[in-house]
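A.B. asks: Residue numbers (my numbering), protein chains in the order written: chain A, 1 to 164; chain B, 1 to 433. We put the CB at the ideal spot given by N, CA and C, even for glycine. Following this message is one structure expressed as structure tokens.
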Amino acid sequence: MKSLLVGYYRLLKWLLTLLMGLIIIPVGLQILSRYTGIIPRYIWTEEVARFCFVWIIMIGAMIAVREDTHFDVDLLPHPKTKRSEGVRNLVVHISIGMMALFFAWYGFQFAKFGFIQNSEMSGINMATIYISFPVAGISWLLFLIEKVADDIKLIKAHDQEVAE
Amino acid sequence: MSPGEVSLILFGAFGVLIVIRVPVSFALGLACIPVFMLDDRLTPIVLITEMWKSYNAFILLAVPFFLLAANLMNAAGITERLVNFARASVGHLPGGLGHINVMVSMLFAGISGSSTADAAGIGSLMIPAMKKQGYDTSFSVAITACSSVMGVIIPPSILMIVWGGLMSVSIGGLFLAGVVPGFLMAVFMMSTVLVYAKIRNYPIYQRSSFKEFIQALGQAVFALVTPAIIVGGIVFGLFTPTEASVVAVVYSALLGGIIYRKIGLKEFPKVLYDSARLAAISLFCIGTASAFGWLLAYYRVPQGLVDVLAGYGTGLITTGFLIALSFLVIGMFIDAIPAIIILGTILLPLAAKVGMHPIHFAIIGVISLAFGLVTPPYGLCLLISCALGKIKVVDVIKDVGIILVPMLILLILVILFPEMILFLPRWLTPEFL
Numbered sequence: 001m002k003s004l005l006v007g008y009y010r011l012l013k014w015l016l017t018l019l020m021g022l023i024i025i026p027v028g029l030q031i032l033s034r035y036t037g038i039i040p041r042y043i044w045t046e047e048v049a050r051f052c053f054v055w056i057i058m059i060g061a062m063i064a065v066r067e068d069t070h071f072d073v074d075l076l077p078h079p080k081t082k083r084s085e086g087v088r089n090l091v092v093h094i095s096i097g098m099m100a101l102f103f104a105w106y107g108f109q110f111a112k113f114g115f116i117q118n119s120e121m122s123g124i125n126m127a128t129i130y131i132s133f134p135v136a137g138i139s140w141l142l143f144l145i146e147k148v149a150d151d152i153k154l155i156k157a158h159d160q161e162v163a164e
Numbered sequence: 001m002s003p004g005e006v007s008l009i010l011f012g013a014f015g016v017l018i019v020i021r022v023p024v025s026f027a028l029g030l031a032c033i034p035v036f037m038l039d040d041r042l043t044p045i046v047l048i049t050e051m052w053k054s055y056n057a058f059i060l061l062a063v064p065f066f067l068l069a070a071n072l073m074n075a076a077g078i079t080e081r082l083v084n085f086a087r088a089s090v091g092h093l094p095g096g097l098g099h100i101n102v103m104v105s106m107l108f109a110g111i112s113g114s115s116t117a118d119a120a121g122i123g124s125l126m127i128p129a130m131k132k133q134g135y136d137t138s139f140s141v142a143i144t145a146c147s148s149v150m151g152v153i154i155p156p157s158i159l160m161i162v163w164g165g166l167m168s169v170s171i172g173g174l175f176l177a178g179v180v181p182g183f184l185m186a187v188f189m190m191s192t193v194l195v196y197a198k199i200r201n202y203p204i205y206q207r208s209s210f211k212e213f214i215q216a217l218g219q220a221v222f223a224l225v226t227p228a229i230i231v232g233g234i235v236f237g238l239f240t241p242t243e244a245s246v247v248a249v250v251y252s253a254l255l256g257g258i259i260y261r262k263i264g265l266k267e268f269p270k271v272l273y274d275s276a277r278l279a280a281i282s283l284f285c286i287g288t289a290s291a292f293g294w295l296l297a298y299y300r301v302p303q304g305l306v307d308v309l310a311g312y313g314t315g316l317i318t319t320g321f322l323i324a325l326s327f328l329v330i331g332m333f334i335d336a337i338p339a340i341i342i343l344g345t346i347l348l349p350l351a352a353k354v355g356m357h358p359i360h361f362a363i364i365g366v367i368s369l370a371f372g373l374v375t376p377p378y379g380l381c382l383l384i385s386c387a388l389g390k391i392k393v394v395d396v397i398k399d400v401g402i403i404l405v406p407m408l409i410l411l412i413l414v415i416l417f418p419e420m421i422l423f424l425p426r427w428l429t430p431e432f433l
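Right, here's the structure in full:
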């Protein structure tokens, strides 16, 4: 299970790098075509760039849940024991999990709309972009399994220490 | 539900979730869910469609590109060149490295649109150098953090792009309006460094000869013309802000890859990944903040606020201070981009009602939010600088507070004298106003 998750995480990282590199091309083409005339003025450039961009945001948001790098605010004093740290993390991860369930369920409804729509300029089926929302929800849930297991381990470790 | 009840649910749930350390982007989204569930007229799917609408905006694409350009410039060793140039220009003043730090931040701000890239790039060079020369760590960290906020005030600025895109204000106009306060901020901060240097006897560099100055200028010249390309290109209508950001990426990739030969095929993907990830985290927040803001607007909360304040008959200047205060407070707790989406859209009708110029409103907001980058508990530039200086946030707060005083004076000046910022866009590009 763990190695599958690591593999998925690596795949997402690779995809994010690739998309970021690719997205430069359509916007670059747009400027080139306007000022040089070497290439025709494509009308799909802006749209394709926007669609890649949505995927970049959603993949980045998936990765950040595994890396714990979404911005949070450090207001309360740090938990003193492993147990309270574990409990605090568990509450946070369950909250993210609720949002993940919301994204998986309603995101899927949203993606279903996409099947009957094609984009205006490039004719791409909108479901290929809308699907990023439920995919994010499911990916968060997958990564959270690992997180919650770690939290429970932390709480149990504390109990063991106290018992000893 | 009444606007009061909805605000209570939204802000109450958001506050509680933030305190228990749920990430800001998720807290904003989760706070919306009960309202969507309770009101029969709404369907929860609106949360997702509002997020989609905010992401599907060509203008926001400038955010990852400007971050990428800044990271490429850092990787290309441009920061070192700027440091050498600043040393040749202001290194001979008392507190040499402090002035260099401020000046490099100003120059770098003209290349990058993000203060965090500024703090990370300059801090990793300047903080160790300052410590080595006997500057107090807390002062070195504080001046690095505070000067990096010029990144969002001096054009190009990611915050101004988001602001302009969201509230339909000319981004070229905003960029021009940021020039004077950004430059004044550097002058104010260098005066503070001077006072510190006199009291604490900080070291001085020997004045560089004219030849050395020209050499340093020559080494940095490719970097120094970047702002002219980016800002000039946008202001004079050669390209849109998003296209300008791609020009910045291509230009810095050429500098780093071909001219300075610092970025190879191995480093490039890493810079791509780092920039994309940071941009995605900030922008994901925009989505949930937009849904949050949409709900506030749906229940007419901003209008309610305007009605309440109109009862007190607040004028232009009082409103200016009120706007600044609101952004200063919210900036302490959340990232600047969601703050713009939530608070900016709430305050927009208020600013319009008292006849405040949209560019004036935006610049007051952006400068106030710039404070938020260095004020705890959530000040990203401060956190980055402290991590680089290996020092606790608590130990730096006093020096940060002192350096912020002249910045506060600048903010007050901007509120009182709108012409100070408006004359430049009025003069160069009257069509934007």
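Less than 7 Å between the beta carbons of I364 (chain B) and I421 (chain B), yes or no?
C.D. replies: Your numbering for residue 364 (chain B) matches position 364 in the second sequence. Your numbering for residue 421 (chain B) matches position 421 in the second sequence. Taking 7 Å as the Cβ cut-off, I364 (chain B) and I421 (chain B) do not qualify as a contacting pair.
A.B. asks: Using CA coordinates, which residue listed in B:D274, B:V308, B:F239, B:F139 is at the minimum distance from A75 (chain B)?
C.D. replies: As a first step, residue 75 (chain B) is located in the second sequence; it is residue number 75 there, counting from the start. Here the closest residue by C-alpha is B:D274.
A.B. asks: Does chain A have any CB closer than 7 Å to the CB of I20 (chain B)?
C.D. replies: Start at 1 with the first residue of the second sequence, and residue 20 (chain B) comes out as number 20. So yes, I20 (chain B) belongs to the interface.
A.B. asks: Cα-Cα, which of B:F58, B:M51, B:T49, B:E50 is closest to F53 (chain A)?
C.D. replies: Mapped onto the first sequence, residue 53 (chain A) falls at position 53. Nearest C-alpha to F53 (chain A): B:F58.
A.B. asks: Please report whether the beta-carbon of N71 (chain B) lies at a distance below 7 Å from any beta-carbon of chain A.
C.D. replies: Within the second sequence, numbered from 1, the residue matching residue 71 (chain B) stands at position 71. Closer than 7 Å: no.
A.B. asks: Is there a Cβ from chain B that is less than 7 Å from the Cβ of T45 (chain A)?
C.D. replies: Counting from 1 along the first sequence, the entry for residue 45 (chain A) is found at position 45. Not closer than 7 Å to any Cβ of chain B, the Cβ of T45 (chain A) fails to qualify, so no.
A.B. asks: Mind checking which residues open and close the alpha helix (DSSP H) that includes M189 (chain B)?
C.D. replies: What you label residue 189 (chain B) is simply residue 189 of the second sequence in a count that begins at 1. Element bounds for M189 (chain B): 171-200.
A.B. asks: Run down chain A in chain order and give the residues with a C-beta less than 7 Å from the C-beta of I48 (chain B).
C.D. replies: Sequence index remark: in the second sequence, residue 48 (chain B) carries index 48 (1-based). Correct list: Y106, G107, F110, F133.
A.B. asks: Using a cut-off of 7 Å between C-beta atoms, extract the partners of F11 (chain B) located in chain A.
C.D. replies: As a first step, residue 11 (chain B) is located in the second sequence; it is residue number 11 there, counting from the start. Residues of chain A passing the Cβ test: none, with the nearest at roughly 15 Å.
A.B. asks: Helix, strand or coil for N56 (chain B) per DSSP?
C.D. replies: One-based indexing of the second sequence puts residue 56 (chain B) at position 56. Correct three-state label for N56 (chain B): coil.
A.B. asks: Within the continuous alpha helix (DSSP H) that includes I122 (chain B), where are the two ends?
C.D. replies: Position 122 of the second sequence, counted from the first residue, corresponds to residue 122 (chain B). Where I122 (chain B) is concerned, the enclosing alpha helix (DSSP H) stretches over 115-132.
A.B. asks: Along chain B, which residues have their Cβ under 8 Å away from the Cβ of G7 (chain A)?
C.D. replies: Start at 1 with the first residue of the first sequence, and residue 7 (chain A) comes out as number 7. Here the premise fails: no neighbours, minimum Cβ distance about 17 Å.
A.B. asks: Between R50 (chain A) and chain B, is any beta-carbon pair separated by less than 7 Å?
C.D. replies: For the purposes of this step, residue 50 (chain A) is identified with residue 50 of the first sequence, where counting begins at 1. It does: the Cβ of R50 (chain A) has a partner Cβ on chain B nearer than 7 Å.
A.B. asks: So which residues on chain A does C381 (chain B) lean against when the C-beta distance must stay under 7 Å?
C.D. replies: Residue numbering aside, residue 381 (chain B) sits at position 381 when the second sequence is read from its first letter. Near C381 (chain B) there are no residues of chain A at all, since even the closest Cβ is about 13 Å away, more than 7 Å.
A.B. asks: So, does the stretch 365-381 of chain B touch the stretch 193-212 of chain B, judging by three or more C-beta pairs under 8 Å?
C.D. replies: no
A.B. asks: Return the CA-CA distance between A339 (chain B) and V92 (chain A), expressed in angstroms with no decimal places.
C.D. replies: By 1-based counting over the second sequence, the position of residue 339 (chain B) is 339. By 1-based counting over the first sequence, the position of residue 92 (chain A) is 92. Each residue's Cα considered, the two are about 22 Å apart.
A.B. asks: Got a sec, what are the start and stop residues for the alpha helix (DSSP H) Y298 (chain B) sits in?
C.D. replies: Counting from 1 along the second sequence, the entry for residue 298 (chain B) is found at position 298. Counting along the chain, the alpha helix (DSSP H) containing Y298 (chain B) begins and ends at 267-298.
A.B. asks: What are the residues of the stretch 10-27 of chain A that lie near chain B, defined by any Cβ-Cβ distance shorter than 8 Å?
C.D. replies: K13, L16, T17, L19, M20, G21, I23, I24, V27
A.B. asks: With distances taken between CB atoms, is the gap from T137 (chain B) to N101 (chain B) smaller than 7 Å?
C.D. replies: Looking up residue 137 (chain B) in the second sequence gives position 137. Looking up residue 101 (chain B) in the second sequence gives position 101. No. Outside cutoff.
A.B. asks: Could you compute how far the alpha carbon of P241 (chain B) sits from the alpha carbon of A64 (chain A)?
C.D. replies: As a position in the second sequence, residue 241 (chain B) is number 241, starting the count at 1. As a position in the first sequence, residue 64 (chain A) is number 64, starting the count at 1. Their backbone Cα atoms lie some 27 Å apart in a straight line.
A.B. asks: Apart from the five residues on each side of it in sequence, which residues of its chain come closer than 8 Å, Cβ to Cβ, to R88 (chain A)?
C.D. replies: The residue you call residue 88 (chain A) lines up with position 88 of the first sequence. Excluding residues within five positions, the ones whose Cβ falls inside 8 Å are P79.
A.B. asks: What residue range is occupied by the uninterrupted alpha helix (DSSP H) comprising H99 (chain B)?
C.D. replies: As a position in the second sequence, residue 99 (chain B) is number 99, starting the count at 1. Looking at the DSSP string, the run of the alpha helix (DSSP H) that includes H99 (chain B) is 96-109.
A.B. asks: Does the beta-carbon of S147 (chain B) have 16 or more other beta-carbons within 10 angstroms, so that it is buried, or is it exposed?
C.D. replies: Within the second sequence, the letter at position 147 stands for residue 147 (chain B). With 16 or more Cβ atoms within 10 Å of its Cβ, S147 (chain B) is classed as buried.
A.B. asks: Going along chain A in order, which residues have a C-beta closer than 8 Å to the C-beta of E267 (chain B)?
C.D. replies: Along the second sequence, read from residue 1 onward, the residue named residue 267 (chain B) stands at position 267. None at all; the shortest Cβ gap to chain A is about 12 Å.
A.B. asks: Where M62 (chain A) and K262 (chain B) are concerned, what is the direct C-alpha to C-alpha distance, given to the nearest angstrom?
C.D. replies: Position 62 of the first sequence, counted from the first residue, corresponds to residue 62 (chain A). Position 262 of the second sequence, counted from the first residue, corresponds to residue 262 (chain B). Roughly 31 Å between the two C-alpha positions.
A.B. asks: What's the C-alpha gap between F36 (chain B) and W140 (chain A)?
C.D. replies: To locate residue 36 (chain B), count along the second sequence from 1; it is residue 36. To locate residue 140 (chain A), count along the first sequence from 1; it is residue 140. One C-alpha to the other measures close to 22 Å.
A.B. asks: Which same chain residues, not among the five before or five after F333 (chain B), have their C-beta less than 6 Å away from its C-beta?
C.D. replies: In the second sequence, the residue the question calls residue 333 (chain B) occupies position 333. Cβ neighbours of F333 (chain B) beyond the five flanking positions: Y378.
A.B. asks: Hey, could you find the ends of the alpha helix (DSSP H) D151 (chain A) is sitting in?
C.D. replies: By 1-based counting over the first sequence, the position of residue 151 (chain A) is 151. From DSSP, the alpha helix (DSSP H) with D151 (chain A) extends over 132-163.
A.B. asks: Closer than 6 Å by C-beta to G110 (chain B): which residues in its own chain qualify, once you throw out the five before and the five after it? Chain order, please.
C.D. replies: Within the second sequence, the letter at position 110 stands for residue 110 (chain B). Excluding positions up to five away in sequence, the list reads I154, P227.
A.B. asks: How many angstroms separate the CA atom of L305 (chain B) from the CA atom of L350 (chain B)?
C.D. replies: By one-based count along the second sequence, residue 305 (chain B) stands at place 305. By one-based count along the second sequence, residue 350 (chain B) stands at place 350. Going from the Cα of L305 (chain B) to the Cα of L350 (chain B) covers about 8 Å.
A.B. asks: Could you tell me whether any Cβ in chain B is nearer than 7 Å to the Cβ of A61 (chain A)?
C.D. replies: Walking along the first sequence from the start, residue 61 (chain A) turns up at place 61. Interface residue, yes.
A.B. asks: Could you name the residues that DSSP lists as bridge partners for N89 (chain A)?
C.D. replies: Position 89 of the first sequence holds residue 89 (chain A). Bridge partners of N89 (chain A): none, in fact.
A.B. asks: Report back the beta-carbon spacing between Y42 (chain A) and L29 (chain A) to the nearest angstrom; my notes put them in contact at under 8 Å.
C.D. replies: The residue labelled residue 42 (chain A) in the question sits at position 42 within the first sequence. The residue labelled residue 29 (chain A) in the question sits at position 29 within the first sequence. Y42 (chain A) to L29 (chain A), Cβ: 6 Å. Contact.
A.B. asks: To the nearest angstrom, report how far apart K13 (chain A) and I38 (chain A) are at their CA atoms.
C.D. replies: Taking the first residue of the first sequence as 1, we reach residue 13 (chain A) at position 13. Taking the first residue of the first sequence as 1, we reach residue 38 (chain A) at position 38. When rounded, the distance between both Cα atoms is 34 Å.
A.B. asks: Leaving aside the five residues before and after S124 (chain B) along the sequence, list all residues of the same chain whose C-beta is less than 7 Å from its C-beta, in chain order.
C.D. replies: If you number the second sequence from 1, residue 124 (chain B) lands on position 124. Closer than 7 Å at Cβ, skipping near neighbours: L388.
A.B. asks: According to DSSP, N118 (chain A) sits in a beta bridge with which residue or residues?
C.D. replies: The count along the first sequence starts at 1 and reaches residue 118 (chain A) at position 118. Answer is A:N125.
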